[in-house]
Amino acid sequence: MSDLLVVGSVALDSVKTPFGEAEEVLGGSATYFSYAASFFSPVQLVAVVGEDFPQAHLDLLKRRQVDLTGLQVAKGRTFRWAGEYGYDLNEAKTLDTQLNVFADFRPDLPDSYRQPSFLFLANIDPDLQWEILHQVERPRLVAMDTMNFWINGKRQAVERILSEADALIINDGEARQLTQEPNLVKAAEAVLAFGLQLVVIKRGEYGAVLFAHGNFFFAPAFPLAAVLDPTGAGDSFAGGFMGALARDGGMDEAGLRRAVVYGSVMASFAVEDFSLRRLTRLRPEEIEERFRAFQEMVTFR
Ligand code: AMP
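Its first residue numbered 2, the sequence shown is counted upward by one per residue in the numbering used here.
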């Protein structure tokens, strides 16, 4: 099995949706990613939390065998994000971002982390993404995510890391913002022009589109009767996508398509409850069941 390394945020989130709210719950891009990916492949995590971070959250990740050697506990407060969604759950409105211990985080990767086959640079400061990329031997695939907070605040740094990555997994609004191109096909082409091999554009309840090697593939979102909180959908998608690639090894067109569907499967579970609650109740056989349900859903003669 191939090693999968992720850097990103480990956070305490406060989230409000039309269906409820949750205060100071477990969140963060690297948290959702590593939890989702752990169903497919061993995962190593790089991040920092403050002294206020509950031990119970770390235990959750440990129980899924996520390697926390690269998780530092620093003096100060954990990263915090607060967001809100309206009835259109596709767009998060950020109310507050507190970098806290991430503001001074200077990672020094443990030796055991320096040769990953797959690297995911989850949503976090692009300068930090760049530092991690330069502390490892070149992996087979370097994929990344980013968001409006960083595109607005550090566009040059975002472009610098984009020019060194292989894949971008991003939501549609951010793809448009990054490329200043309203048409998604043109936005994908503009992203690929940074030198990337593939781009996955996530479209919330409308599914995800893969653009790679001149082809494209579309996976719908799973039709769920109850979506409670879309937070973490993108990172859980990326965890399923990268985890499936790391587990199955093949990055040909068929392997990439399967990975997009596994990504969609993991995202569909993440949104069924607040924080990581649904993922922590998830049984591996439910993943395969939903994967088959996806296949059924799009087969026709
Ligand atoms: P998503 O999968 O796109 O819904 O990502 C949600 C997660 O991203 C939340 O759990 C937040 O803690 C985290 N997050 C929000 N803003 C930032 C940011 N500026 N940098 C890093 N992580 C963030």
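Glycine included, each C-beta is placed from N, C-alpha and C at the ideal position.
Model, not experiment: these values are computed from the prediction.
Between which residues of its own chain and residue i is the CB-CB distance below 8 Å, once the five residues before and five after are set aside?
i	result
residue 259	245 and 249
residue 265	208, 209, 220, 221, 222, 223, 238, 241 and 295
residue 252	141, 142 and 246
residue 257	199, 211, 213, 218 and 246
residue 160	195
residue 305	An answer regarding residue 305 cannot be provided, because it is not within the stretch 2 to 302 covered by the chain.
Which whole-angstrom value is the C-beta distance of residue i and residue j, which I expect to be below 8 Å?
i	j	result
residue 195	residue 163	4 Å
residue 229	residue 275	6 Å
residue 171	residue 30	At roughly 12 Å, the Cβ-Cβ gap does not stay under 8 Å, so residue 171 and residue 30 are not in contact.
residue 1	residue 102	Residue numbering for the chain in the displayed model covers 2 to 302; residue 1 lies beyond these limits and cannot be assessed.
residue 263	residue 292	6 Å
residue 204	residue 188	Not quite, the Cβ-Cβ distance comes to about 12 Å (not below 8 Å), so this is no contact.
residue 70	residue 54	The pair is not a contact, with the Cβ atoms about 16 Å apart (cut-off 8 Å).
residue 28	residue 233	7 Å
residue 216	residue 273	Not really, about 31 Å apart at Cβ, beyond 8 Å.
Please determine whether the Cβ atom of residue i lies at a distance below 7 Å from any heavy atom of the ligand AMP.
i	result
residue 30	yes
residue 230	no
residue 233	yes
residue 86	no
residue 82	yes
residue 327	Since the first residue of the chain shown is 2 and the last is 302, residue 327 is not available in this structure.
residue 263	no
residue 93	yes
residue 125	yes
residue 14	yes
residue 281	no
residue 18	no
residue 10	yes
residue 180	no
residue 36	no
residue 79	no
residue 70	no
residue 33	yes
Skipping 5 residues on each side, what residues in its chain have a beta carbon closer than 6 Å to that of residue i?
i	result
residue 82	12, 14 and 98
residue 19	88
residue 67	35, 39, 44 and 46
residue 179	152
residue 128	158
Report all residues from its chain with a CB closer than 7 Å to the CB of residue i; omit the five preceding and five following residues, and keep chain order.
i	result
residue 193	200 and 212
residue 96	83, 84 and 85
residue 267	37, 237, 238, 240 and 241
For a test of your reading of the model: does the CB of residue i fall under 7 Å from any non-hydrogen atom of the ligand FAD? Yes or no.
i	result
residue 150	The ligand FAD is not part of this structure, which contains only the ligand AMP.
With 16 as the cutoff for other CB atoms within 10 Å, does residue i come out buried or exposed?
i	result
residue 243	buried
residue 135	exposed
residue 157	exposed
residue 8	buried
residue 130	buried
residue 175	buried
residue 284	exposed
residue 290	exposed
residue 279	buried
residue 183	exposed
residue 123	buried
residue 144	buried
Residue ranges of each alpha helix (DSSP H) within the segment 179 to 264, 4 or longer | With a minimum length of 4 residues, the continuous alpha helix (DSSP H) runs that stay inside the segment 179 to 264 are 185 to 193 and 234 to 249.
What are the uninterrupted segments assigned as beta strand (DSSP E) that are 3 or more residues long and contained completely in the segment 102 to 149, given in chain order?
-> Entirely contained in the segment 102 to 149, the beta strand (DSSP E) runs reaching 3 residues are, in chain order, 119 to 122 and 142 to 145.
Alpha helix (DSSP H) segments (min. 4 residues) lying fully within the segment 23 to 82 | Listed in chain order, they are 30 to 38 and 56 to 64.
Runs of alpha helix (DSSP H) lying entirely within the segment 276 to 302, each at least 4 residues, in chain order = With a minimum length of 4 residues, the continuous alpha helix (DSSP H) runs that stay inside the segment 276 to 302 are 278 to 281 and 285 to 299.
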